[in-house]
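Undergrad: Dropping the structure in here first, questions after.
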Amino acid sequence: MEQLITIPLGIVLQVLLFIALRRFAGMGARSAAAVIGLLALGIYIPYAILYWPGGDVVAMHVALYAVTAYGLGLIIANREARLRQHGGSEGWFHWGPAIIIGFFVFLVLFDTAFVIISQKGLPEPVAEWLLPARDRGEVTTNFPGVAARDYQEKQSHFNRYLEQRREQSERGWQVDRGWIGPAVADRASLFQVRVLDRDGNPVSGADVGGNFLRPSDTRLDQAFRMQETASPGIYRAEVVLPATGVWELDLTIRRGEAVHQLRARTTVEAAPESP
707 MEQLITIPLG IVLQVLLFIA LRRFAGMGAR SAAAVIGLLA LGIYIPYAIL
757 YWPGGDVVAM HVALYAVTAY GLGLIIANRE ARLRQHGGSE GWFHWGPAII
807 IGFFVFLVLF DTAFVIISQK GLPEPVAEWL LPARDRGEVT TNFPGVAARD
857 YQEKQSHFNR YLEQRREQSE RGWQVDRGWI GPAVADRASL FQVRVLDRDG
907 NPVSGADVGG NFLRPSDTRL DQAFRMQETA SPGIYRAEVV LPATGVWELD
957 LTIRRGEAVH QLRARTTVEA APESP
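Right under this line is the structure:
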């Protein structure tokens with residue numbers, strides 16, 4: 707769901723519906739505001755549940771839609787009351803409620819900017835103005851985030867998770883992993899895993915694979931599968947990682963019912979510059 711479209715579109719539709727209810731249905735300002743607020747939330751929340759965009763995005767939509775309805779109802783109802791009381795000679799709105807509404811509008815817009823920047827990054831002119839000149843690699847200002855060790859997701863299966871960790875410790879498999887040569891961004895790099903049992907014998911015939919996770923941008927995550935080489939217990943895969951810096955490794959080794967999981971970090975270098 708694209709909040710750059712759904713937020714302004716929803717607000718515009720709320721305003722238009724508010725005007726229509728006032729003009730054609732003869733509804734009072736507070737009643738019309740309640741209708742547009744409930745209608746906006748009644749449409750958006752089920753849609754968000756079906757196509758979940760994240761709690762922060764949902765909260766942002768709910769807050770903006772609610773503030774829009776509340777603001778319209780408060781402003782128009784207050785204006786009508788003052789006009790009736792003073793015979794149409796009073797201004798639009800008292801400064802006290804205006805400051806309160808303005809504060810919340812500013813707060814919501816400020817938070818909206820943070821969410822949009824986290825997903826889209828800073829506009830290029832702004833990034834060039836705020837950030838120092840890049841040294842080598844590509845600069846990214848977005849941060850959609852990643853949970854390499856998602857314990858909340860594991861919570862529903864926590865007992866099984868603890869049991870698996872205990873079995874893995876008792877099994878005593880020894881896992882060595884690393885790159886054959888340097889790992890360079892945007893180039894095929896050879897990743898190797900060697901698996902031995904507790905007695906030092908090769909663990910052959912296993913299904914080995916996993917993911918390289920980019921902490922700063924989940925869109926760059928790379929899944930991989932490994933093939934066993936002619937040497938028993940040694941598995942290799944060519945992996946192309948598209949960005950320099952730190953990557954999270956989530957590795958899973960399966961043989962029969964035995965499952966061994968390993969998590970680690972690795973660093974990818976920039977390609978050397980041509981002379």
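Counting in our numbering, the final residue of the sequence shown is number 981, and the numbers go up one at a time with none missing.
The beta-carbon is built from N, C-alpha and C at its ideal position, and this holds for glycine as well.
#1: When you compare only the Cα positions, how much space is there between Arg920 and Gly777?
#2: Quick check on the DSSP output: what are the complete beta strand (DSSP E) runs of length 3 or more inside the segment 733–789, in order along the chain?
#3: List in chain order: all unbroken beta strand (DSSP E) runs of 3+ residues lying wholly within the segment 893–930.
#4: Could you please give the first and the last residue of the uninterrupted beta strand (DSSP E) stretch that includes Glu944?
#5: According to DSSP, which residues form a beta bridge with Val890?
#6: With the cut-off set at 9 Å, would you say Leu811 and Val773 are in Cβ contact?
#7: By how many angstroms is the C-alpha of Ser737 removed from the C-alpha of Ile751?
#8: If you draw a straight line from the C-alpha of Ile713 to the C-alpha of Thr818, how long is it?
#9: Within a Cβ cutoff of 8 Å, which residues of the same chain sit near Gly878, ignoring the five residues on either side of it in sequence?
#10: What whole-angstrom Cβ distance do Phe897 and Ala949 have, given they're in contact under 8 Å?
#11: Which two residues bound the contiguous alpha helix (DSSP H) that contains Trp953?
#12: At a cut of 8 Å, does the segment 911–931 reach the segment 880–892 through at least three beta carbon pairs?
#13: By the 10 Å Cβ neighbour count, where 16 or more other Cβ atoms means buried, how is Glu934 classified, buried or exposed?
#14: Measure the alpha-carbon distance for Glu975 versus Leu837 and round it to whole angstroms.
#15: Considering Cα atoms alone, identify which of Leu715, Pro938 and Val945 is closest to Arg893.
#16: Grouping DSSP H, G and I as helix and E and B as strand, with all else coil, what is Gly878?
#17: Return the chain-ordered list of same chain residues with a C-beta closer than 8 Å to the C-beta of Leu1012, the five sequence neighbours on each side being excluded.
#18: What is the DSSP secondary structure of Gly884, reduced to helix, strand or coil?
#19: Within its chain, find whatever has a CB closer than 7 Å to the CB of Arg960; leave out the 5 residues flanking it on each side and keep chain order.
#20: Which one of Thr958, Ser910 and Leu789 has the shortest CA to CA distance from Ser937?
#21: Please name the residue, chosen from Ala726, Gly808 and Val881, that lies closest to Gly906 on a Cα-to-Cα basis.
#22: In three-state terms, what does DSSP make of Ala819?
#23: According to DSSP, Glu830 sits in a beta bridge with which residue or residues?
#24: Report the partner residues of Arg969 according to the DSSP bridge assignment.
#25: Could you check whether the Cβ of Val832 sits closer than 8 Å to any heavy atom belonging to the ligand ATP?
#26: Give the secondary structure of Ala726 by DSSP, where H, G and I count as helix, E and B as strand, and everything else as coil.
#27: Sort Ser875, Arg788, Ala783 and Leu968 by Cα distance to Arg900 and report the nearest one.
TA: According to the data block:
#1: 41 Å
#2: none
#3: 894–902 and 913–919
#4: Ile940 to Val946
#5: Glu975
#6: Per the sequence shown, the amino acid found at residue 811 is Val instead of Leu. Closer than 9 Å, so yes.
#7: 21 Å
#8: 10 Å
#9: Asp903 and Arg904
#10: About 16 Å; that fails the 8 Å criterion.
#11: Taken as a continuous stretch (DSSP letters only), Trp953 belongs to no alpha helix (DSSP H), being part of the beta strand (DSSP E) at Gly951 to Arg961.
#12: No: fewer than three Cβ pairs fall under 8 Å.
#13: buried
#14: 22 Å
#15: Val945
#16: Coil, per DSSP.
#17: As displayed, the chain neither begins before 707 nor continues past 981, which places residue 1012 out of reach and without an answer.
#18: strand
#19: Same-chain partners within the cutoff: Ala912 and Asp913.
#20: Ser910
#21: Val881
#22: Of the three classes helix, strand and coil, the one that applies to Ala819 here is helix, per DSSP.
#23: Glu830 is not bridged to any residue.
#24: Asp956
#25: Looking at this structure, you won't find the ligand ATP or any other ligand, since it has none at all.
#26: helix
#27: Leu968
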